[in-house]
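Each residue of the sequence shown is one higher than the one before, counting from 62 in my numbering. Have a look at the structure below, then the notes.
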Amino acid sequence: MATLPLEIVFSCILPRLPVKTLIRFKSVSKSFLAEISSPNFIKLHHLTSLSSDENRFLVLLGWDDDYSDKGLYMYDLDSLHALPSFCPLPRSTAVVASCECYMLVAFGNAKSGQLGLFLINPSMHTCRQLPNLSFPEGYYSAQYGLCHHSDELGDDLKVVRFVNFFDDSFQRQVMVYSLRKGLWKQIECTTHDDYYVSASLYRGVFLQKYLFHLIFTEIDDHRFKKIGCFDIKAERWGPDVPLPNIHMDVIGVELIKPFDLGVLDEQLCMVVQNMNEATYDLWIMREYGVKESWVKLMCLCVSNNPISPPSSPMDAVYWLFDKMAYHPLTCRKGSPYELLFKLDHCSKFFWYNLEDKESIEAEFPGLPTWGSSTAYVCKGSLLNIPGGHQLIREWCLEEERK
Numbered sequence: 062m063a064t065l066p067l068e069i070v071f072s073c074i075l076p077r078l079p080v081k082t083l084i085r086f087k088s089v090s091k092s093f094l095a096e097i098s099s100p101n102f103i104k105l106h107h108l109t110s111l112s113s114d115e116n117r118f119l120v121l122l123g124w125d126d127d128y129s130d131k132g133l134y135m136y137d138l139d140s141l142h143a144l145p146s147f148c149p150l151p152r153s154t155a156v157v158a159s160c161e162c163y164m165l166v167a168f169g170n171a172k173s174g175q176l177g178l179f180l181i182n183p184s185m186h187t188c189r190q191l192p193n194l195s196f197p198e199g200y201y202s203a204q205y206g207l208c209h210h211s212d213e214l215g216d217d218l219k220v221v222r223f224v225n226f227f228d229d230s231f232q233r234q235v236m237v238y239s240l241r242k243g244l245w246k247q248i249e250c251t252t253h254d255d256y257y258v259s260a261s262l263y264r265g266v267f268l269q270k271y272l273f274h275l276i277f278t279e280i281d282d283h284r285f286k287k288i289g290c291f292d293i294k295a296e297r298w299g300p301d302v303p304l305p306n307i308h309m310d311v312i313g314v315e316l317i318k319p320f321d322l323g324v325l326d327e328q329l330c331m332v333v334q335n336m337n338e339a340t341y342d343l344w345i346m347r348e349y350g351v352k353e354s355w356v357k358l359m360c361l362c363v364s365n366n367p368i369s370p371p372s373s374p375m376d377a378v379y380w381l382f383d384k385m386a387y388h389p390l391t392c393r394k395g396s397p398y399e400l401l402f403k404l405d406h407c408s409k410f411f412w413y414n415l416e417d418k419e420s421i422e423a424e425f426p427g428l429p430t431w432g433s434s435t436a437y438v439c440k441g442s443l444l445n446i447p448g449g450h451q452l453i454r455e456w457c458l459e460e461e462r463k
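Laid out in structure tokens, this is it:
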């Protein structure tokens with residue numbers, strides 16, 4: 062029986078396999094161990110994952126009623142009925158950003174100034190603490206972005222932090238951290254243009270690798286005003302993204318409220334709450350930067366919630382107008398017409414079919430009792446964290462001993 066040459070196995074087959082399988086394959090032979098551990102193979106595997114809709118994980122920060130089993134629940138989107146992988150995290154943690162295979166986790170209390178940032182690769186259960194960065198006095202809110210940056214000097218990971226001040230100064234501070242340089246750099250600390258402030262309630266998203274997008278609202282009444290764009294490669298603000306042709310308000314009453322930004326099929330999308338029609342609408346920008354390319358992809362009526370509401374009338378009202386709000390996450394493998402969404406403030410997900418306009422609850426086994434409002438889609442990767450790392454398990458044990 063003929064056997065495949067190792068060159069074919071190493072270059073064409075192994076790069077398409079998930080991380081768990083590759084870790085097991087290290088014990089096959091010395092040649093497998095050497096190849097899978099080599100920097101060239103690790104980079105090839107990572108690039109192969111990024112260029113396909115395979116090797117993706119739905120990642121949710123969750124916990125039980127007594128805060129036991131708090132950590133990242135990772136569901137393989139290639140095998141939807143498999144039990145999740147679990148990556149434990151200390152109790153006082155929150156996921157604040159993600160990029161490719163990396164996640165940025167905040168640990169501690171920002172108000173007390175004791176907030177640490179950890180960069181983690183949940184597939185490898187490794188982490189690295191970033192240098193502490195204090196919050197300026199009088200700060201109101203903070204948002205983070207994470208970017209895998211490449212240039213002529215090699216790979217780098219950059220973290221951007223946006224801080225808003227809630228006082229008479231109306232200032233905004235932007236700080237950028239380079240993992241390669243190992244330091245924080247202040248990019249901006251100025252008064253808001255036109256008194257706009259990036260809304261801390263909405264997540265920011267990256268598009269085209271380096272462009273980080275944020276929702277901006279007015280300070281006084283939080284009315285939606287624009288989508289701002291920060292170029293993390295150039296470390297400066299870029300042109301604002303034009304909004305779709307929708308009427309934001311009538312006679313002073315805001316009818317369209319932004320809810321979330323997302324990226325579907327490498328295109329910027331936005332969920333808005335349509336108070337006039339009692340729907341949540343998903344808009345997608347087919348050609349980046351072109352106002353006329355915005356298309357309303359779908360609208361979901363509040364009365365057609367795909368998840369069964371509670372039996373209590375008051376709880377049902379809260380469910381329909383709050384938990385009905387949804388976050389766009391990704392497309393089903395091999396089917397760009399089926400979209401995965403997460404309902405706000407609960408561990409519930411649903412699939413929406415754009416062709417037949419039907420939605421069904423997504424059944425993921427072993428979902429935690431409680432989950433964060435935001436979930437992430439990450440790639441499985443063997444990439445190490447530049448500059449050294451420690452096992453997440455060791456970090457958790459250190460915090461338990463304190």
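Note that CB positions come from ideal geometry on N, CA and C, so glycine has one too.
List the endpoints of the continuous beta strand (DSSP E) containing Asn193.
-> Counting along the chain, Asn193 falls outside any beta strand (DSSP E), and DSSP gives it neither H nor E.
Could you tell me the distance, in whole angstroms, from the CA atom of Ser112 to the CA atom of Gly199?
-> Each residue's alpha carbon lies about 43 Å from the other.
Apart from the five residues just before and just after Thr109, which ones in its own chain have a Cβ nearer than 7 Å to its Cβ?
-> Hits under 7 Å: Pro76 and Arg77.
So, using beta-carbon positions, are Leu33 and Gly177 closer together than 9 Å?
-> One cannot answer for residue 33 here, as it falls past the ends of the chain, which runs 62 to 463.
Residue burial classification, Glu213 (beta-carbon count within 10 angstroms, cutoff 16) | exposed
DSSP beta-bridge partners of Ile181 | DSSP lists Met164 and Cys188 as partners of Ile181.
To which residues of the same chain is Tyr437 closer than 6 Å at the C-beta, ignoring the five residues directly before and after it?
-> Val120 and Ser159
From Val224 to Leu194, what does the alpha carbon distance come to, in whole angstroms?
-> 12 Å
Across which residues does DSSP place Gln234 in a beta bridge pair?
-> In the DSSP output, where bridge partners are listed per residue, Gln234 has Val224 and Cys250.
Complete runs of the beta strand (DSSP E) confined to the stretch 386-425 [at least 3 residues] | Counting only unbroken stretches of 3 or more residues, the beta strand (DSSP E) elements lying wholly within the stretch 386-425 are 387-393, 396-404, 410-414 and 419-423, in sequence order.
Would the beta-carbon of Ser88 fall within 9 Å of that of Gly441?
-> Contact: no.
Buried versus exposed, by CB contacts within 10 Å (16 or more), Asp216 = exposed
Could you tell me whether the Cβ atoms of Leu180 and Leu207 are closer together than 9 Å?
-> yes
Nonlocal neighbours in the same chain, by C-beta distance under 8 Å from Leu65, ignoring five residues either side | The residues are Ile74.
Do you know offhand how far Val311's Cα is from Leu343's?
-> Caution is warranted here: a pLDDT of 46 is assigned to Val311, below 50, making its placement in the model unreliable, and the coordinate value is therefore given only provisionally. Rounded to whole angstroms, Val311 to Leu343 spans 21 Å at the Cα level.
Helix, strand or coil for Ala464 per DSSP?
-> With the chain represented from 62 up to 463, any question about residue 464 goes unanswered, as that position is not in the structure.
Please confirm whether Tyr134 and Pro389 have their CB atoms less than 9 Å apart.
-> Taking 9 Å as the cut-off, the beta carbon of Tyr134 is found no closer than this to the beta carbon of Pro389.
If you count every other CB in all the chains shown that lies within 10 Å of the CB of Ile84, and 16 or more means buried, which is it?
-> exposed
Which of the three DSSP states, helix, strand or coil, is assigned to Arg117?
-> strand
Is Pro151 buried or exposed, if buried means 16 or more other CB atoms sit within 10 Å of its CB?
-> buried
Would you tell me roughly how many angstroms separate the C-alpha atoms of Gly169 and Thr154, rounded to the nearest one?
-> 7 Å
Chain-order list of residues whose beta-carbon lies under 8 Å from that of Tyr454 (same chain, five-residue window excluded) | Position check: residue 454 holds Arg in this sequence, whereas Tyr was assumed. Only Pro149 and His186 meet the Cβ criterion.
Does the distance from the CB of Cys439 to the CB of Arg117 come in under 9 Å?
-> yes
Proximity to Arg233 [Cα-Cα], best of Glu424, Glu249 and Cys360 = Glu249
CA-to-CA distance, Trp298 to Ala167, given in whole angstroms | 25 Å
State yes or no: is the C-beta of Val356 within less than 9 Å of the C-beta of Phe291?
-> no
Got a sec, what are the start and stop residues for the alpha helix (DSSP H) Phe71 sits in?
-> Per DSSP, Phe71 belongs to no alpha helix (DSSP H) and is neither H nor E.
Distance, Phe71 Cα to Glu459 Cα | If you take the alpha carbons of Glu459 and Phe71, they lie about 38 Å apart.
Whose CA, out of His107, Gly350, Gln247 and Ile307, lies closest to the CA of Asn518?
-> Residue 518 is absent from the structure shown; the chain starts at 62 and stops at 463.
Around the C-beta of Gly395, are 16 or more other C-beta atoms found within 10 angstroms, so that it is buried, or is it exposed?
-> exposed
To the nearest angstrom, how far is it from the Cα of Ile276 to the Cα of Ser98?
-> 41 Å
How many Å lie between Cys360 and Leu415 at the Cα?
-> 10 Å
Sequence-distant residues of the same chain with beta carbon closer than 6 Å to Leu141, five excluded per side = none
Under the three-state reduction of DSSP, which class applies to Asn335: helix, strand or coil?
-> strand
When you compare only the Cα positions, how much space is there between Thr24 and Gln204?
-> The requested residue 24 does not occur in the structure, where the chain is confined to residues 62 to 463.
May I ask which residues mark the beginning and end of the beta strand (DSSP E) holding Pro300?
-> Pro300 -> no beta strand (DSSP E), and no H or E assigned at all.
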